[in-house]
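A.B. asks: This is the structure I have questions about; it appears just below.
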Amino acid sequence: MPDPCSICSLLKDVQTSFYKYAAPEYDIPLPPAAARLAIVLTPDLHDPEVYHVRCCPECGTLYTYRFSYEYHTNGSEDEEELSRMSPAEAGAYLRAQARALEALRRDIDALESNAGQWADYLDRGHPSLAEAEAARAAMDGAMENAQRSREQLRGQVEALRTTCPGILTTWAAAHVRVCNAYVDTPTGSDEHTRTVRYVARTTAEAWERLPYEGETFISVAGIWMEGYDERLDAELAPDVTP
Ligand SMILES: [Zn+2]
């Protein structure tokens with residue numbers, strides 16, 4: 027364990043609060059340091075009053091927060107529990123969230139490449155007027171969906187830059203490792219080696235910036251880096267031990 031930071035050192039591994047409605051003299055609130063943790067804003071945050079994850083803004087340590095309520099005739103009781111995730115739990119959580127971001131990123135890549143195929147068809151496929159109209163509608167639809175998903179991804183990445191950069195560094199570092207493997211050992215035929223290296227290097231550079239600034243969507247040219255998605259899936263697999 028690294029030295030606990032100025033916030034985490036004020037929190038035990040498990041903190042509980044207790045409130046009894048009829049007897050406020052017995053109330054035990056969570057320590058004030060608990061309120062300095064950021065609530066992690068992920069798309070799966072459905073009922074934050076009842077359950078959410080918090081992240082220490084100073085050191086990135088993660089906590090789960092649970093609220094429970096019990097009804098008693100002599101005064102109902104509320105309890106909150108804040109527990110520090112173990113390194114293994116935190117790693118699994120970060121990878122699961124990174125996988126969700128990656129699924130959305132791949133949707134955008136697929137939609138944009140689909141729109142590109144319709145554009146090629148319009149340019150070179152000699153469509154009839156009716157075919158061209160249908161192709162244009164399909165292309166516009168794919169572009170609109172891609173744009174909507176890009177905005178969704180931008181919102182998610184920007185929210186995590188402030189509340190839990192660890193999810194973004196986990197996601198980006200997996201991409202950088204995969205890209206670097208293509209720089210070291212390019213796939214494909216020898217004539218494309220330089221291109222594969224160039225694509226892998228520039229893609230890695232974009233990923234290095236993503237947790238902090240700039241683009242929130244990074245396209246991956248799988249056509250140059252064969253088997254990219256499979257390698258990335260292995261990096262972010264649930265059972266990976268970091
Ligand atoms: Zn901390």
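Going by our numbering, the sequence shown opens with residue 27, and the numbers climb by one from there.
Heads up, the beta-carbon is just placed ideally off N, CA and C, and yes, glycines get one too.
It should be emphasised that the depicted structure is a prediction, and the values quoted were computed from it without experimental measurement.
1. How would you label ARG121, buried or exposed, when you count the other beta carbons within 10 angstroms and need 16 or more for buried?
2. Quick check for students: name the residue ranges of the alpha helix (DSSP H) that lie wholly in the segment 89-158, counting only runs of 4 or more.
3. Does the segment 141-155 touch the segment 213-230, meaning 3 or more C-beta pairs lie closer than 8 Å?
4. Cβ of GLU84 within 7 Å of any heavy atom in ligand 1?
5. Since CYS205 is in the alpha helix (DSSP H), which residue starts that stretch and which ends it?
6. Does ligand 1 have a heavy atom nearer than 7 Å to the CB of CYS31?
7. By the three-class DSSP mapping on this structure, what secondary structure does TYR224 have?
8. When you compare only the Cα positions, how much space is there between THR213 and SER139?
9. Below 7 Å CB to CB, which residues in the same chain sit around THR189 once its five sequence neighbours on both sides are set aside?
10. Whole angstroms are fine: how far does the CA of GLU115 sit from the CA of GLU261?
11. Where does ARG110 land, buried or exposed, given buried means 16+ other C-beta within 10 angstroms?
12. Put THR219 into one of helix, strand or coil per three-state DSSP.
13. Is CYS190 near ligand 1, with its Cβ less than 7 Å from a heavy atom?
14. So, with DSSP's three-state summary, where would you put THR188?
15. At which residues does the beta strand (DSSP E) containing TYR45 begin and terminate?
16. For VAL76, does the three-state DSSP call read helix, strand or coil?
C.D. replies: A quick look at the data gives this:
1. On the sequence shown, residue 121 is found 95 positions in, with the first residue counted as 1. Flag for ARG121 reads buried.
2. 113-150
3. no
4. For this step, residue 84 is matched to residue 58 along the sequence shown. GLU84 Cβ: within cutoff of ligand 1.
5. On the sequence shown, residue 205 is found 179 positions in, with the first residue counted as 1. CYS205 -> alpha helix (DSSP H) spans 191-210.
6. Looking up residue 31 in the sequence shown gives position 5. Indeed, a heavy atom of ligand 1 lies less than 7 Å from the Cβ.
7. The count along the sequence shown starts at 1 and reaches residue 224 at position 198. Helix, per DSSP.
8. As a position in the sequence shown, residue 213 is number 187, starting the count at 1. As a position in the sequence shown, residue 139 is number 113, starting the count at 1. THR213 and SER139: Cα-Cα distance of roughly 21 Å.
9. Taking the sequence shown and counting its residues from 1, the one referred to as residue 189 is at position 163. Correct list, in chain order: ALA64, ILE65, VAL66, LEU67, CYS81.
10. Here residue 261 is taken as the residue at index 235 of the sequence shown, counted from 1. Here residue 115 is taken as the residue at index 89 of the sequence shown, counted from 1. The alpha-carbon atoms of GLU261 and GLU115 are separated by roughly 16 Å.
11. Position 84 of the sequence shown holds residue 110. With 16 or more Cβ atoms within 10 Å of its Cβ, ARG110 is classed as buried.
12. Within the sequence shown, residue 219 is the residue found at index 193, counting from 1. Helix, per DSSP.
13. Walking along the sequence shown from the start, residue 190 turns up at place 164. No, since every heavy atom of ligand 1 falls outside the 7 Å radius drawn around the Cβ of CYS190.
14. Indexing the sequence shown from 1 puts residue 188 at position 162. THR188: helix per DSSP, three-state reduction.
15. Here residue 45 refers to the residue found at position 19 of the sequence shown. That run of the beta strand (DSSP E) goes 40-46.
16. Here residue 76 refers to the residue found at position 50 of the sequence shown. Coil, per DSSP.
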